[in-house]
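Counting from 1, one number per residue, gives the positions in the sequence shown under full-length UniProt numbering. This report refers to the structure that appears directly beneath it.
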Amino acid sequence: MSALTRFDPRDDLMRFDNFNDLFRRFLRLPDWPAARVPGEIRLDIVEDDKAFQVKAELPGVKREDIRISVDGNYVSISAESRSESRETKKDGERTLLREMYYGSWSRGFTLPCDVDDGAATATFDNGVLSLTLPKRSPARAKTIEVK
1 MSALTRFDPR DDLMRFDNFN DLFRRFLRLP DWPAARVPGE IRLDIVEDDK
51 AFQVKAELPG VKREDIRISV DGNYVSISAE SRSESRETKK DGERTLLREM
101 YYGSWSRGFT LPCDVDDGAA TATFDNGVLS LTLPKRSPAR AKTIEVK
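Written out as structure tokens, the structure is:
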């Protein structure tokens with residue numbers, strides 16, 4: 001005689017978990033440069049007690065073509081990369097292959113708390129934008145006296 005076991009509907013679901021993992025791995029896009037979306041700004045965001053550190057890849061962009069806006073806890077980065085004009089080509093030259101992306105980039109993201117936009121700083125070096133976004137101190141509750 002076999003022992004009775006309690007029915008758990010999750011047991012059947014757990015059997016399919018490995019099967020689902022197989023499909024998730026198969027359908028995941030590889031992180032090859034050719035598989036990236038043109039114009040996508042890639043970010044690294046790190047948080048500590050006092051600030052957020054953001055690094056954004058902006059290859060081929062000039063410092064003056066970058067725009068950053070902060071509204072509370074929402075940060076937006078946009079940039080533009082311009083291609084060389086056709087007039088700069090020498091006579092007889094023609095383009096055989098053009099894989100470099102020229103155009104506009106834009107990326108917005110929400111942080112867990114508001115940013116002190118007055119103390120925020122940004123630097124741009126070798127195609128990497130670095131932002132230091134200090135956290136805004138939370139507003140303190142005020143006690144109001146009843147008259």
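Note that the Cβ used here is the ideal one computed from N, Cα and C, for glycine as well.
- Task: Use the C-beta contact count for A79: other C-beta atoms within 10 angstroms, 16 or more gives buried, fewer gives exposed.
- Result: Counting from one through the sequence shown, the residue named residue 79 turns up at place 79. Under the 10 Å beta carbon count, A79 is surrounded by 16 or more other beta carbons and is classified as buried.
- Could you check what DSSP says for G118 in three-state terms: helix, strand or coil? Taking the first residue of the sequence shown as 1, we reach residue 118 at position 118. In the structure shown, the three-state DSSP call for G118 is helix.
- Please decide whether G72 counts as near chain C, where near means a Cβ-Cβ distance under 8 Å. In summary, chain C is missing from the structure at hand, where a single protein chain is found.
- Query: Going by other Cβ atoms of all chains shown within 10 Å of its Cβ, with 16 needed for buried, is A56 buried or exposed?
  - Reply: Counting from one through the sequence shown, the residue named residue 56 turns up at place 56. By the neighbour-count rule (16 or more Cβ atoms within 10 Å), A56 is buried.
- Query: Among all the DSSP beta bridges, which residues are the ones paired with A51?
  - Reply: Position 51 of the sequence shown, counting from 1, holds the residue named residue 51. Per DSSP, P134.
- Message: Less than 6 Å between C-beta atoms, sequence neighbours within five positions excluded: which residues of the same chain meet that for S106?
- Response: In the sequence shown, residue 106 corresponds to position 106, counting from 1. Only S78 meet the Cβ criterion.
- Message: Here's a check: name, in chain order, each residue in its chain whose Cβ is nearer than 7 Å to the Cβ of D119, leaving out the five neighbours to either side.
- Response: By 1-based counting over the sequence shown, the position of residue 119 is 119. Before going on, a small fix: residue 119 reads as Ala here, not Asp. For A119, where only same-chain residues beyond five positions count, the Cβ hits under 7 Å are P134.
- G103 - containing beta strand (DSSP E), residue span: The sequence position of residue 103 within the sequence shown is 103, counting from 1. That run of the beta strand (DSSP E) goes 103 to 110.
- Using three-state DSSP, classify E57 as helix, strand or coil. Within the sequence shown, numbered from 1, the residue matching residue 57 stands at position 57. Strand.
- Task: Measuring alpha carbon to alpha carbon, tell me which of I66, D117, N73, R98 ends up nearest G127.
- Result: Mapped onto the sequence shown, residue 127 falls at position 127. Considering only alpha carbons, the answer is I66.
- Message: Can you check which of these residues, A141, L131, F7, is closest to C70 by C-alpha distance?
- Response: Counted from its first residue, the sequence shown places residue 70 at position 70. Reading off the sequence, residue 70 comes out as Val, not Cys. Minimum Cα distance to V70 is reached at L131.
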